[in-house]
Structure formats: C-alpha cells, structure tokens
Amino acid sequence: MSGQIVRPYGDMTGDGMVQVSFTLPVPHDKRAEGAALQLAGKMGLDPAMLVHARQMGDGYTFFVVYGRVSHLVDLDAVRVLERDYPLLTAKDVNAAVRRRMRRKLSVVGACIGTDAHTVGIDAILNVKGIAGEKGLEYYRELKVLNLGAQVTVAELVEAARVEKADAVLVSQVVTQRDAHLHNVREMSAAFREAFPAARRPLLVAGGPRFDEMMAADLGVDRIFGRGTTPREVASYLVHALTNQKAVAA
Ligand code: B12
Numbered sequence: 112m113s114g115q116i117v118r119p120y121g122d123m124t125g126d127g128m129v130q131v132s133f134t135l136p137v138p139h140d141k142r143a144e145g146a147a148l149q150l151a152g153k154m155g156l157d158p159a160m161l162v163h164a165r166q167m168g169d170g171y172t173f174f175v176v177y178g179r180v181s182h183l184v185d186l187d188a189v190r191v192l193e194r195d196y197p198l199l200t201a202k203d204v205n206a207a208v209r210r211r212m213r214r215k216l217s218v219v220g221a222c223i224g225t226d227a228h229t230v231g232i233d234a235i236l237n238v239k240g241i242a243g244e245k246g247l248e249y250y251r252e253l254k255v256l257n258l259g260a261q262v263t264v265a266e267l268v269e270a271a272r273v274e275k276a277d278a279v280l281v282s283q284v285v286t287q288r289d290a291h292l293h294n295v296r297e298m299s300a301a302f303r304e305a306f307p308a309a310r311r312p313l314l315v316a317g318g319p320r321f322d323e324m325m326a327a328d329l330g331v332d333r334i335f336g337r338g339t340t341p342r343e344v345a346s347y348l349v350h351a352l353t354n355q356k357a358v359a360a
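Going by our numbering, the residue at position 222 of the sequence shown is 333; the numbering climbs one at a time, nothing skipped.
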C-alpha cells in the first residue's frame with residue numbers, strides 16, 4: 112500500500128533530502144572537502160552538498176553534508192519492540208509488589224566494565240529521577256542499591272547475592288569496540304553460572320546505543336534504550352517479576 116511507503120522530507124514532501132555528519136582523519140582543505148563529497152556520493156547521496164566543514168584538532172575535519180537519497184522506507188517492514196506491559200503509577204507499582212510479593216522488591220544497579228557514565232543509571236535509580244519522574248528509590252516497596260561506576264561483574268554478582276536481588280540493572284554508555292555488548296554478555300553469562308535458573312535475578316541492560324531487540328542475543332531479559340524513564344522500568348519490573356516469573360520468597 113502506497114501509504115506505508117515514505118521518503119525523507121527536506122525542503123518539500125518526499126524529496127528524499129537527508130543530512131549526515133562525519134569526521135575524516137585529514138586536515139581541513141579543498142581536498143578534504145572533496146573527500147567528504149566522495150564519501151557522501153558512495154553513501155548514495157546524489158546530489159550531495161557540503162554545508163559545514165571544521166577542523167577538529169590536528170589532522171581531523173568534521174563535515175555536515177546535505178543531499179538526496181533515493182531509498183524508500185516501508186513502514187510495514189519496520190520491526191521494533193513495543194511496550195508489552197501496562198505503564199503503572201508509583202502507587203500501583205507499590206501496591207502490586209505488596210500484594211504479589213509480600214516483601215520489598217530488591218534491585219541492584221551498576222555501570223559495569225570501565226564505563227564511568229553514571230548519569231543514565233542514576234536517572235533511573237536515584238530519587239531525583241529524570242523527565243519529571245522520580246527514580247526507583249522513591250518507590251516505597253522497592254529496595255534499591257546503586258553500586259555506581261566501574262563495577263566488575265564479580266562485584267555485581269556478589270552484591271546481587273547479598274541483596275537477594277530480584278532484578279539487576281546494568282548501564283552501558285560507551286560503545287567503543289562494542290564494549291557494551293561484550294560487557295553485557297559477560298555479565299549475563301556470569302549470572303547464569305552463579306545462580307540456578309529459578310533463582311537468577313531478572314537481568315536488565317540499558318544505555319543510549321543498545322538495540323532493544325537484542326535482549327536474547329545478549330542473554331538478558333530486557334533492554335532499555337535512550338529516553339527511558341524510571342516509571343517504564345518500574346512497571347516492567349512489576350510485570351516481569353509478579354506476573355511471569357516464579358518469585359522466590
Ligand atoms: C557526561 C558525559 C561524560 C562524563 C560522565 C559523568 C558521569 N558521572 O556519568 C565524563 C566527563 C566522565 C565522560 C567521560 C568519558 N566519555 Co563521555 N559523555 C558524556 C555525555 C556528554 C553525556 C552522557 C549522559 O550523561 N547522558 C544523559 C543520560 C541521562 O542519558 P543516558 O546515559 O542515555 O541514559 C538514559 C538511557 O540511555 C537509559 N539508560 C541508561 N543506562 C541505563 C541502565 C538501565 C538499567 C536502564 C533501564 C536504562 C538506562 O535511561 C537513561 C535515562 O533516560 C555523552 C555524550 C552525549 N551527549 O550523550 C558522552 C559520551 C558518552 N562520552 C564518550 C566518551 C568517548 C568518553 C570518554 C572515553 C572520553 C575520554 N576520551 O576520556 C570518557 C570515558 C570515561 C569512562 N571511563 O567511561 C562518548 C562515547 C562514544 C562511544 N562510541 O562509546 C560520548 C557519546 C561522547 C562522544 N560523542 O564522543 N563522559
């Protein structure tokens with residue numbers, strides 16, 4: 112159906128215009144600008160216009176190129192992970208935990224590996240929260256331990272054991288050399304090794320550059336991407352732990 116096919120919009124509906132930015136390891140001169148246009152051409156931008164070029168330190172130039180692509184987007188072929196659980200208020204989350212678990216739901220969170228970007232996990236866990244929503248610490252029926260940055264997998268497993276964690280929340284922001292993927296795989300393997308299946312905590316990974324469809328591949332129960340809010344996470348925990356998983360007393 113033609114209504115399901117769209118093209119990028121730049122100056123006019125359906126004109127296919129897009130803007131891309133990238134850096135080349137060359138000093139800024141005429142040849143560098145030509146190189147940027149060559150790359151844009153190979154990426155399928157035709158015509159391609161250089162709209163910005165600025166040297167970034169010695170020997171690197173940052174470019175913005177505006178141009179036309181001929182590709183079409185088929186909206187029917189788009190596959191995304193839709194939220195498949197209800198979004199609850201804090202009051203409903205607390206009530207569900209009280210009613211179904213009859214004890215506090217224990218959450219342990221950390222930023223693992225060498226990653227020191229704690230703003231994301233803090234936004235989800237700490238009272239101050241994000242986007243006008245309070246973090247999980249605010250929920251009376253959740254017991255939250257935020258281990259902070261650069262936590263090793265061994266430390267995380269041990270903390271989960273001591274805290275009798277129902278859920279372990281891991282943040283990964285740095286993606287250089289796919290560190291986020293390697294670290295999460297290592298973490299999930301360690302939890303599978305350390306806990307029998309029935310007692311393994313729910314494993315949740317989050318960060319701005321994860322593909323939410325990769326949970327099974329990474330061995331975790333759920334992935335949350337950029338723009339996640341604490342309420343979405345609290346609602347998911349309640350859904351997963353009080354509906355689907357046998358809750359260990
Ligand atoms: C602040 C910042 C820093 C601060 C971090 C301070 C801190 N205490 O966190 C400092 C200055 C220390 C820093 C250092 C570095 N940084 Co930095 N940093 C940033 C910056 C500007 C913002 C990140 C941020 O705070 N975002 C705001 C939070 C709220 O968003 P978020 O993390 O996406 O979190 C949300 C979701 O993703 C999700 N979420 C995240 N985690 C989790 C976890 C769970 C369980 C769930 C459910 C959800 C969830 O929910 C959150 C709320 O919506 C980004 C660029 C950018 N604009 O994003 C670069 C950036 C992340 N940094 C980068 C780099 C390269 C570095 C350094 C390597 C730089 C250097 N050469 O030293 C070091 C690495 C240090 C280290 N060991 O990790 C790169 C990473 C590139 C890559 N491909 O990996 C970025 C993208 C900048 C860039 N464009 O180059 N950085």
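Backbone N, C-alpha and C define an ideal beta-carbon position, used for all residues, glycine too.
Is residue i near ligand 1, judged by its Cβ being under 7 Å from some heavy atom?
i: residue 350; result: no
i: residue 287; result: yes
i: residue 337; result: yes
i: residue 163; result: no
i: residue 225; result: yes
i: residue 234; result: yes
i: residue 229; result: yes
i: residue 170; result: no
i: residue 315; result: yes
i: residue 330; result: no
i: residue 319; result: yes
i: residue 220; result: yes
i: residue 299; result: no
Let's see if you can read the secondary structure: which residues bound the alpha helix (DSSP H) around residue i?
i: residue 211; result: 201 to 212
i: residue 141; result: 141 to 153
i: residue 294; result: 290 to 305
i: residue 231; result: 230 to 236
i: residue 189; result: From DSSP, residue 189 is part of no alpha helix (DSSP H); its letter is neither H nor E.
i: residue 316; result: Here residue 316 belongs to no alpha helix (DSSP H); instead the beta strand (DSSP E) covers 313 to 317.
Buried or exposed: which applies to residue i, given that a residue is buried once 16 or more other Cβ atoms fall within 10 Å of its Cβ?
i: residue 116; result: exposed
i: residue 354; result: exposed
i: residue 332; result: buried
i: residue 360; result: Because the pLDDT of residue 360 is 33, which lies under 50, any placement of that residue in the model is unreliable, and the question is left without a value.
i: residue 329; result: buried
i: residue 357; result: Confidence at residue 357 is low in this model, with a pLDDT of 41, below 50, so its placement is unreliable and no value can be given for it.
i: residue 346; result: buried
i: residue 250; result: buried
i: residue 277; result: buried
i: residue 243; result: exposed
i: residue 259; result: exposed
What are the boundary residues of the beta strand (DSSP E) that includes residue i?
i: residue 334; result: 333 to 335
i: residue 159; result: 159 to 166
i: residue 133; result: 128 to 135
i: residue 173; result: 172 to 179
Comparing the CB of residue i with every heavy atom of ligand 2, is any distance shorter than 7 Å?
i: residue 263; result: Absent from the structure shown: ligand 2. Ligands present: ligand 1.
For residue i, decide whether its Cβ has a neighbour in chain B, counting only Cβ atoms nearer than 8 Å.
i: residue 199; result: Protein chain content of the structure displayed is limited to a single chain, and chain B is not contained in it.
query = Would you say the region 295 to 306 touches the region 259 to 276, given that touching needs at least three Cβ pairs under 8 Å?
reply = Yes: at least three Cβ pairs fall under 8 Å.
query = Would you call the region 163 to 183 and the region 125 to 136 in contact, with 3 or more CB pairs under 8 Å?
reply = yes
task = Please determine if the region 282 to 301 and the region 216 to 232 are in contact, where contact requires at least 3 C-beta pairs separated by less than 8 Å.
result = Yes: at least three Cβ pairs fall under 8 Å.
message = Count Cβ pairs between the region 138 to 148 and the region 208 to 219 that sit closer than 8 Å; are there 3 or more?
response = Taking a cut-off of 8 Å for Cβ pairs, the region 138 to 148 and the region 208 to 219 do not touch, as fewer than three such pairs fall below it.
inquiry  = Taking 8 Å as the cut-off, does the region 193 to 205 touch the region 152 to 160 (at least 3 CB pairs, one atom from each stretch)?
reply    = no
task = Report yes or no: do three or more beta-carbon pairs, one from the region 337 to 352 and one from the region 307 to 315, lie closer than 8 Å?
result = yes
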